Amino acid sequence: MNTGELVELAQQLRVDSVRASAAAGSGHPTSSMSAADLMAVLFAHHFRYDFDRPAHPGNDRFVLSKGHASPLMYAVFKAAGALDDEELLTFRKLGSRLEGHPTPRRLPWVETATGSLGQGLPVGVGIALAGQRLDRSGYRVWVLCGDSELAEGSIWEAAEQAGAEHLDNITAIIDVNRLGQRGETRHGHDLDAYARRFQAFGWHTVEVDGHDVDAIDRAYGEAASTKGQPTAVIARTLKGKGVEDVQDREGLHGKPLKNADDAIEELGGVRDLRVRVQEPPAARILHAVRAGHVELPRWDKGSPEEGVATRDAYGQALTALGTGRGDVVALDGEVGDSTRTELFAKEHPERYFECYIAEQQMVAAAVGLAARGWVPYAGTFAAFLTRAHDFVRMASISGAGINLVGSHAGVAIGQDGPSQMGLEDLAMMRAVHGSTVLYPCDANQTAHLVAAMADLEGIRYLRTGRGESPVIYGPEEEFPIGGSKVLRSSADDRMTIVAAGVTVPEALKAADALDQEGIRVRVIDLYSVKPVDRDTLRRAAEDTGCLLTVEDHHEEGGLGDAVLDAFTDGRPVPRLVRLAVRSMPGSASPEEQLHAAGIDAESVAAAARLLVEQAIVP
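Numbered per my numbering, the sequence shown spans residues 82 to 699.
Quick look at the structure:
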């Protein structure tokens, strides 16, 4: 396209953004209008993509980090022939693929869900990492960011990761339109302020008039030819560009234009231009999805005497999984020596990504890698995953398949104190749509669950412990997702103890002590916290009349609530007593912590005796 045609295409994108928002009665047309020239030049001259084959390994990747500008993205899809005009005008309507903020669940040309600002660039960095270090197919990643979202710390986590990794295959396009939702942004139109920040993280920067299509064209060319550095094209634009009533004016964010017909006329009327997007170069995916048999580590039941930490079993199992499967990758938040992810790093360094203390970027990179067909395992302390929860939530909206591993969970970690204790993680992960939440208690169980996670969908979370745990299962035992294990059972059981992870050995000790006193209790290892084994729990309730849950977690949202979920079908809810961490722990030994929280064997046995003595259970 020549200069005049690019200008006309940009005007069409503005018109269609106005039309879509007007038809919906909502949306962000002014935020779309500011970036229309940037998008017109990108898709007409620089973007390489086959819309008929969105999974083509050579396709460039585009991420709309400012997801509220979705009318602009949909207008581009229409110009490329992927959508028709009729569908464009279904924007934000019930049943439409064109949601208010784009998601890959609806449209195959969308890489990741955006709309929670500050996430597009971090995910784009993950995609670029896959392109540079794994796929090596030559595709480029283009990310359109708004200036408001540059206040998010996650943007700068991404900027530092990209700079440190020398990701010259990613370009951030910064739409500096000066206006946020409630007024002017922090730096307004000071392009140099943004440039200095990106430069500090090792980026090449190009400052440009965002409405000069020729200057934009040159800037993109410069970005593509820059080697050894990511590039930020920092563009000065005007919000609502092209319509005098709204251009560069405050108070109009997130609102359709009041006089849409007049605005369309001012922009030159409705057009039906088509952009011919360049075809991607031939490419192939280098990794093998399955490259041999997975030989998981094995531990003999009851050996070694001191037990095995589930975090150790995780590291060994992940390494074995990586040996058997060429699509498995691992990410770390600079705690790999503690989570044992370092074992994978030593064996498979080419598929290991160090994200340092940047948990948001770690999860985002996992999402980006998953978007390119890889199977990521991202691990850090369970407590530290809480700061990345919004990225986990958005990953679920994307339909991303990622494995998250939280180690050092609960008060059982001991002397480090509450800042290091994951006591909210089960609740957080259970609340994520479509998630799977697993909490193994021994080494063999951990190994089998690590392998099973690779073939699941959605967000998968595995909780591991710091200290040694006895090996109570043999290596041939099976642990289906959604299952549980009944470890003690008799016809004379007077109640059921439900435990998971570190509390399973405590429950078994309590059951043995009670048995010597003539009190029979059933013990269930509920290793699958979500989905929960409803059938086994319901049967236990019918047989014993009372369930006692024991968890190294706050009582809100954890194991006890998971057990309650088995009784939400209208049937009578059994008597349920919950032992959990109810006070704020301090520093103490693991044994002292469990006792202080009332979740060690002695406390479990005492609670059971009290229930029996008070005739609460038969």
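Every residue, glycine too, gets a C-beta built ideally from N, C-alpha and C.
Fair warning: this is a prediction, and the values are worked out from it, not measured in the lab.
Can you give me the start and stop residues for the beta strand (DSSP E) that residue i sits inside?
i: Gly227; result: Val222 to Gly227
i: Phe434; result: Tyr433 to Glu435
i: Leu660; result: Arg656 to Val662
i: Glu303; result: Not the beta strand (DSSP E): Glu303 falls in the alpha helix (DSSP H), residues Val294 to Ser306.
i: Ser609; result: Ser609 to Lys611
i: His470; result: No beta strand (DSSP E) holds His470; the alpha helix (DSSP H) holding it covers His470 to Ser479.
i: Ser565; result: No beta strand (DSSP E) contains Ser565, which DSSP labels as neither H nor E.
i: Phe132; result: Per DSSP, Phe132 belongs to no beta strand (DSSP E) and is neither H nor E.
i: Arg142; result: Arg142 to Leu145
i: His634; result: Cys627 to His635
i: Met576; result: Met576 to Ala580
i: Arg603; result: Val602 to Asp606
Are the Cβ atoms of residue i and residue j separated by less than 7 Å?
i: Val531; j: Leu399; result: yes
i: Val410; j: Leu402; result: no
i: Gly503; j: Gly487; result: yes
i: Ile578; j: Val604; result: yes
i: Tyr520; j: Gly582; result: yes
i: Gly139; j: Thr391; result: no
i: Asp298; j: Val122; result: yes
i: Pro551; j: Pro499; result: no
i: Ala105; j: Arg186; result: no
i: Met82; j: Ala116; result: no
i: Pro152; j: Ser98; result: yes
i: Val222; j: Gly205; result: yes
i: Glu238; j: Gln441; result: yes
i: Phe462; j: His489; result: yes
i: Leu629; j: Val610; result: no
i: Asp118; j: Phe128; result: no
i: Leu169; j: Tyr155; result: yes
i: Thr527; j: Ala394; result: yes
i: Asp573; j: Arg601; result: yes
i: Leu485; j: Tyr542; result: yes
i: Ala508; j: Gly639; result: yes
Using a Cβ-Cβ distance under 7 Å, would residue i count as near chain B?
i: Ala451; result: Judged by its chain identifiers, the structure shown contains no chain B, having just a single protein chain.
Assuming the contact rule is C-beta atoms closer than 8 Å, residue i and residue j should be a hit. Round their C-beta distance to whole Å, please.
i: Arg406; j: Pro556; result: Contact doesn't hold; Cβ gap of about 19 Å is too wide.
i: Ala452; j: Thr195; result: That pair is no contact at about 12 Å.
i: Leu225; j: Ser146; result: 6 Å
i: Asp590; j: Ala682; result: First, the amino acid is wrong: residue 590 is Lys here, not Asp. That pair is a contact at about 4 Å.
i: Thr467; j: Asp506; result: 7 Å
i: Glu538; j: Arg214; result: Their Cβ separation, rounded to whole angstroms, is 25 Å, which puts Glu538 and Arg214 out of contact at 8 Å.
i: Gly495; j: Gln674; result: 6 Å
i: Ser313; j: Ile255; result: Checking the displayed sequence, the identity of residue 313 turns out to be Ala instead of Ser. Confirmed, Cβ separation roughly 6 Å.
i: Asp606; j: Leu568; result: 6 Å
i: Val631; j: Ala588; result: 6 Å
i: Ala729; j: Ile553; result: Since the displayed the chain opens at 82 and closes at 699, residue 729 lies outside it and no answer follows.
Return the residue from the list the options that minimises the CA-CA distance to residue i.
i: His285; options: Ala300, Asp295 and Asp271; result: Ala300
i: Ala469; options: Gly234, Pro561, Lys174 and Ile600; result: Gly234
i: Gly227; options: Glu672, Glu435, His334 and Phe560; result: His334
i: Ala274; options: Gly244, Ile315 and Met534; result: Ile315
i: Ser384; options: Ile438, Asn525, His489 and Leu175; result: Asn525
i: Met475; options: Val456, Ala512 and Ala464; result: Ala512
i: Glu636; options: Ala125, Asp616 and Leu660; result: Leu660
i: His374; options: Ala464, Glu694 and Thr404; result: Thr404
i: Gly515; options: His529, Ser477 and Asn484; result: Ser477
i: Gly212; options: Ala364, Leu119, Asp165 and Arg317; result: Ala364
i: Asn258; options: His268, Asn250, Gly85 and Ile251; result: His268
i: Ser565; options: Val644, Ile483 and Val96; result: Val644
i: His292; options: Asp381, Ala594 and Gly323; result: Gly323
i: Ser102; options: Asn340, Arg541 and Gly641; result: Asn340
Quick one: residues in its chain with C-beta nearer than 6 Å to the C-beta of residue i, no 5 flanking neighbours on either side, listed in chain order?
i: Gly201; result: Val144, Ser146, Thr195 and Val224
i: Phe648; result: Val654
i: Arg178; result: Arg187 and Leu188
i: Gln92; result: Leu348 and Gly349
i: Gln262; result: His334
Ordered along the chain, which non-local residues of its own chain (more than five positions away) have a Cβ less than 7 Å from that of residue i?
i: Trp190; result: Phe132, Pro135, Phe158 and Ala163
i: Gly207; result: Ala445, Ala446, Ala447, Val448, Gly449 and Leu450
i: Tyr130; result: Asn140, Asp141, Val358 and Pro361
Which residue marks the beginning of the alpha helix (DSSP H) containing residue i, and which one marks its end?
i: His154; result: The sequence shown places Met at residue 154, not His. Residues Ser151 to Ala160.
i: Pro671; result: Pro671 to Ala678
Skipping 5 residues on each side, what residues in its chain have a beta carbon closer than 8 Å to that of residue i?
i: Ala493; result: Gly546, Arg547, Gly548, Val583, Asp633, Pro671, Gln674 and Leu675
i: Glu423; result: Gly396, Asp413 and Gly417
i: Arg355; result: Ala160, Ala161 and Gly162
i: Val701; result: Residue 701 cannot be examined here, being either before or after the span of the chain that is shown, 82 to 699.
i: Ile236; result: Gly199, Leu202, Pro203, Cys226 and Glu230
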